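Contents: one structure, followed by commentary.
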Amino acid sequence: MVKEGRFNHLCIIIIMGSMVKLSIVKGQQQDNKVKPLYRIFEENLKHHSHQIALIHNNSNEHDNESAFKTAQNYQQITYRQMNTAANKWARFLVKESKQHFLQPNEDGDFIIGVCMQPSDHLVTTLLAIWKTGAAYLPIDPSFPANRVEHILQESKPIMVVCDDHIDKQRFGKTLTFSITEIIDNAQQFEENLIPDDMLAEGSKHLAVVLYTSGSTGVPKGVRLPHEVILNRLQWQWNTFPYKPQETVTVFKTTLTFVDSVAELWGPLLCGLAVLVVPKLITKDPERLVQLLEEYKIRRLVLVPTLLRSLLMYLSLDGGTCGLAQNRQKLLSNLQMWVCSGEPLPLSLAMNFFDYFEEGAHALYNFYGSTEVMGDVTYFACENKKQLSHYDRVPIGVPVINTVIYLLDSDYRPVKTGEIGEIFVSGSNLARGYVSGRDPEKFLENPLAVELKYSRLYRTGDYGSLFNGNIMYEGRTDSQIKIRGHRVDLSEVEKIVIELPQVEKAIVLCYHAGQVDQALLVFVKLRDDSPLINELQLESKLKNQLADYMMPQVVLIDHVPLLVNGKVDRQALLKLYETANNNEGDSSIVLDYDYSQVPDELREAAEDLFETVGNVIGRSTRTTLSANSNFYELGGNSLNSIYTVTLLREKGYNIGISQFITAKDLGEILHTMTKDCETSMVEDDNELWINSCPHLDMEAIPLQHNHKNEVIQIIVDSFYGKADLEQWLKPDILPSDYSDLISDIWNDLVEKDLSFVVRDKNTKRIIGTALNFDARNEPEVEVKSKLIIVFDFLEFVEGPIRDTYLPEGLNKILHSFMMGTHEDLNPQENIACMHFMEHEVLNVAKAKNFTGILTTNTSPLTQQLGNDVYHYKTYLDYQVNEYVHTDGTRPFAKAPDVQRAIVHWKEVNA
C-alpha cells in the first residue's frame, strides 16, 4: 500500500516491517474552481476596468530606431478597451467561421492560428480567440515554410490571423485575415459573448496549442486546456503573489514558447499592466535593462543564456559610449528572476549573487516542458551558502496538484538517491498531442489513488532525489553504444563542463549506429578563458574519461537556440558536418580584407577584425571585411558584449547599442574611431567626447522666451526620472516643479549664469542648465513636499559650502539643475550632458568663479563627475539614512546603493 506524505514530500512504502523511502514527490493539494480563463478576465473587470492592461510601442517592429524608443513612446490600453476590442473581434471571427461552415479538426478542437509580432493587437487577438470558444495556435513569423505547412496540415486550424505585412499565401488555403481587416470589419457589439454566440456554444475547453521545437523528429502539437493553465497560474499566484508595488510586468517571451502563457495571463488575470517588449529590445541587453529600469520591473522569466548575457552586461566596467556608470543600482527593483527552458548551471547561479544582493534578490530554477504546462517543479536559490550544498542546481519540488515519480524500466519507484526516469501526474498534464500522436508518452498511472492522478506523462528525463529536492540527471535518450560499451552522453557532458575553461558543453552522437558514427562535444569557452584549442581540451579530458568515451571537441563561439530557447542540436550537427566536409581541414584560419579601410584607420581595423575573429572563431568561414556583418559571421548579443569589452580594453570607446545596431564592421570601425577623437578644452585640459556628432549643439544664455520649454524639460527630468523624488510620490506633483521654476525665473534670467542647449539642425531646445551664485541664491517659499528634497540638499551641501569652500560672492557657481529633453536617446542624452558640463565650465571661467559646486544623485552624473570631469568628492552620502527635521526618514525605502555625492571642481584661470 502506498501512503503519500504531504509534509516531507516523500512517499513511504511498508515492506516486510521496514520502511523504504521511494522517489515519489507530491506537491501541495489545492482545490481550484475550474472556469475558462476569459471568464475570469471578464469577471475581474468590475475591479479594474479603467486600469492599464497593456503598455506597448506601436512603432514598426522592423524599424530599429522606433523599436528602441523609451517609455514615453509607449501607448497604454485599459482593461475595458482591451475587453471591448476583443469582444468585437471575437464576433467577427465567429461570424466568418459560420459563414464558411468551418468545422473542428479530427480531435474535435476549434483552433485559430496567430502569426503576429509582439504588440497590443497580438494580446487582444489571443483574448478574442478565447472568447470565440477556440484555442489559439502561435505560428512564429520566422518559421520556415515547411514547418508552417506541417503545422497547418496536422492541426487544421479553421483560420489564421496575421500581421498586415505578412504574406497570406504562406498559409495556403487556410482562411486568413490580417489584423487590420478584422479591426475595419468588426461590428460595434461591445458586450461579452454568451455561449450561444460562440463556436460549439462555448463547450470546447482547449485554450492553447503549442508545437514543440524538438531537436529531432517532426514537431508535435501539445493541447493545453483552460483548466491546466489555471492550475499552473493558481500555483504562481499563491507561491509568488504580486506585491502592491508590482504594477507592471513584462511580456517578452516568444509566443510559441510555453512560458509565454503564464508570463502573459498571470498578470492580466490579476489586474496588472503588461509591458509588451519588442523582439529587438529583448535581443539588446542595454535596451532591455533600460526598459526594465524605467518601469521598475520586479520579476523576469528568461533562459539561462539570456541571464548570462544580462549579467555580463551589468558587470561591464563601463556604460553607454564607454562611460563608467554605477551599475550596482541597475535592476535593483528586479527581485525575482526565473530561469527555465534549459538546465541552470551552478556557476551561473553563483555569478548571479556576485552582482545581486543575497536576501534582496532570488533566482528560481523552474523545470518542465510544454506537455506539463511549462513548469512542474521549482527550486529557490536565495544565497551562495544554500547552493554550496549541491554540485548542480536542483529542479526542486512539485507545483500544486502534481506528483513526480522517479521510475525504473519496469515503472517501479526507485529508492531515494537512485536515478529514475521522471514521470509527471496531476493537474498540469496536457490533453495529449494533436491527432493523437505518440500516445505512449501519456500512460495510465498504476500508482494512482486519486482520479486526478490517473494519467502519467513520460518526460524522457532522468532524475534523482537528494535532500528532498529532485536533481536533473539528463535525458533517457542520451545513452548510446560505442564499441559495445554503453555510454551516457550526459555523463560525458558533466565531465567536460567541469573543466575551468568551459562555459557550455553539448555532447551529441553523429550518425549513431552508422559507420561514420562520432561522439562529439560542442564547447563554448568562458569569456575570460585563456586561448585554448580543441586538441588541448581533448588532452585534458583523456585523464578523466575512458578511451571509448573520448569525444571529439568542436569549439563554438555561440550556442544556437531554437525559437523556444532550447539548444538547436541539429544546427550543431550540421556545423560539424559542414566542417568535416571542408577537405578534411578542421583548423580554420581567418582571412582579413583591409582593402576598403582607409590607411589612417588600418591599425584600428586590425584591432577590430582580429578581436571579432578571436571572439567568433570557428564559426567564421568567410573573409572578414568592412562589409561583414557581425551577426552573419556568427555573432550574437552575448559575444557582442564580450567584443565591446575587449575593444574597450584596447582603448576604443563604443557603446553596446552602437555595436549591436551597426550594419557592418565598417560602421563599427568609424564609430569607435570617431569616439576616440577628442577635442581638448584649451584652458583647463578637460576632455570632451562628442558621442553623437549628428547633434550640432550651441549654448544660448537663458532668455524669457525659453520659459515654457525649460519648465517642461525640468518637469520631465526631475519629476519623471529624478532619483530622490521617486520616494516622495504621490505626495509631489509636476506642478510643484513648474511653480518653483516660475518663482525663480526672473532671477535665473537676470543673473545670466544659466543657459539652454539648442540643436542647430532642428532649432529645438534639447537641454538646460540652471545655475546660481551659491552665496546669492534667491529666497523662495516651497509649499509642497518638494521642500524635503531641498532640505536634504542643504543638509549635504551646507557644511561643505560653509566649511571647505571659498567665502564671499562670485566664488562658488552652484550647478543647481541640469535637464535634457525626454526625446533624446541614451547616446544623445550623454552627448548633451557632456556639452552642458563643458559650457558650465565656460560660464564659471567667464564670470571668474573659483569653482563649481554640485550634488549628484544620478548614478550616471556621479560617474561622469568622478571619472570624466574629475570633480573632487567632498561627501558620499547614503540617502536612506537621512532624517528630516520632522523626525521622519523620507527616503527610507531607497536601497543602500543609492547615494548623493557632493562634488566640487576648481576652475583654473
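Read left to right, the sequence shown gives residues -27 to -1, 1 to 882 (mature numbering (1 follows the signal peptide of the UniProt record, and there is no 0)).
Backbone N, C-alpha and C define an ideal beta-carbon position, used for all residues, glycine too.
As the structure is a prediction and not an experimental result, all values here were calculated from the model.
Which of the three DSSP states, helix, strand or coil, is assigned to residue i?
i	result
residue 577	helix
residue 555	Since pLDDT at residue 555 reaches only 40, below the 50 mark, its modelled position is unreliable, and the value read off the structure follows with that caveat. Of the three classes helix, strand and coil, the one that applies to residue 555 here is coil, per DSSP.
residue 789	strand
residue 531	coil
residue 661	Note on residue 661: pLDDT 34, under 50, position unreliable in the model; the coordinate value appears next. Three-state DSSP puts residue 661 in a strand.
residue 42	For residue 42, the predicted model reports a pLDDT of 49, less than 50, meaning its position is unreliable; a value from the coordinates is still stated below. The answer is coil: DSSP assigns residue 42 none of H, G, I, E or B.
residue 379	strand
residue 673	strand
residue 51	strand
residue 349	coil
residue 337	strand
residue 198	strand
residue 525	strand
residue 236	helix
residue 65	helix
residue 92	coil
residue 293	Caution is warranted here: a pLDDT of 38 is assigned to residue 293, below 50, making its placement in the model unreliable, and the coordinate value is therefore given only provisionally. It is helical.
residue 764	helix
residue 388	strand
residue 769	helix
Return the chain-ordered list of same chain residues with a C-beta closer than 8 Å to the C-beta of residue i, the five sequence neighbours on each side being excluded.
i	result
residue 392	379, 435, 436, 437, 446
residue 623	580, 584
residue 896	No statement about residue 896 is possible, as the shown extent of the chain runs from -27 to 882 and does not include it.
residue 504	587
residue 60	101, 104, 162, 163, 164, 165, 166
Please say whether residue j and residue i have beta carbons closer to each other than 8 Å?
i	j	result
residue 788	residue 762	no
residue 52	residue 28	no
residue 428	residue 418	yes
residue 338	residue 366	yes
residue 374	residue 203	no
residue 166	residue 14	no
residue 574	residue 619	no
residue 249	residue 304	no
residue 197	residue 183	yes
residue 511	residue 526	yes
residue 193	residue 500	no
residue 498	residue 532	no
residue 750	residue 824	no
residue 220	residue 272	no
residue 79	residue 408	yes
Tell me which same chain residues have a C-beta within less than 6 Å of the C-beta of residue i, skipping the five on either side of it?
i	result
residue 555	Residue placement at residue 555 is poorly supported in this model, since its pLDDT is 40, which falls under 50; the coordinates are not used for a value here.
residue 602	637
residue 9	199
residue 423	none
residue 144	133
residue 178	198, 199
Could you check which residue in the options has the C-alpha nearest to that of residue i?
i	options	result
residue 524	796, 861, 542, 479	479
residue 23	876, 57, 30	57
residue 54	75, 79, 96	96
residue 746	715, 727, 785	785
residue 232	306, 267, 311	311
residue 331	346, 348, 538, 307	307
residue -3	180, 216, 440	440
residue 218	702, 632, 644, 688	702
residue 738	711, 809, 755, 752	809
residue 65	716, 102, 216	102
residue 545	496, 515, 76	496
residue 371	399, 820, 150	399
residue 710	758, 678, 720	758
residue 515	538, 469, 529	469
residue 284	756, 258, 264, 578	258
residue 157	123, 873, 528, 62	62
State yes or no: is the C-beta of residue i nearer than 7 Å to some heavy atom of the ligand ATP?
i	result
residue 78	This structure lacks the ligand ATP; in fact it carries no ligand of any kind.
Going along the chain, which residues of its own chain have a beta-carbon closer than 7 Å to the beta-carbon of residue i, five neighbours each way excluded?
i	result
residue 130	84, 85, 86, 110, 147
*asked:* Whether or not the region 167 to 175 and the region 68 to 85 are in contact is what I'm after, with contact meaning three or more pairs of Cβ atoms, one per stretch, closer than 8 Å; do they touch?
replied: yes
*Should the region 208 to 225 be regarded as contacting the region 113 to 133, the criterion being three or more beta carbon pairs within less than 8 Å?*
no
*asked:* Does the contact criterion of 3 or more C-beta pairs under 8 Å hold for the region 754 to 774 versus the region 814 to 831?
replied: yes
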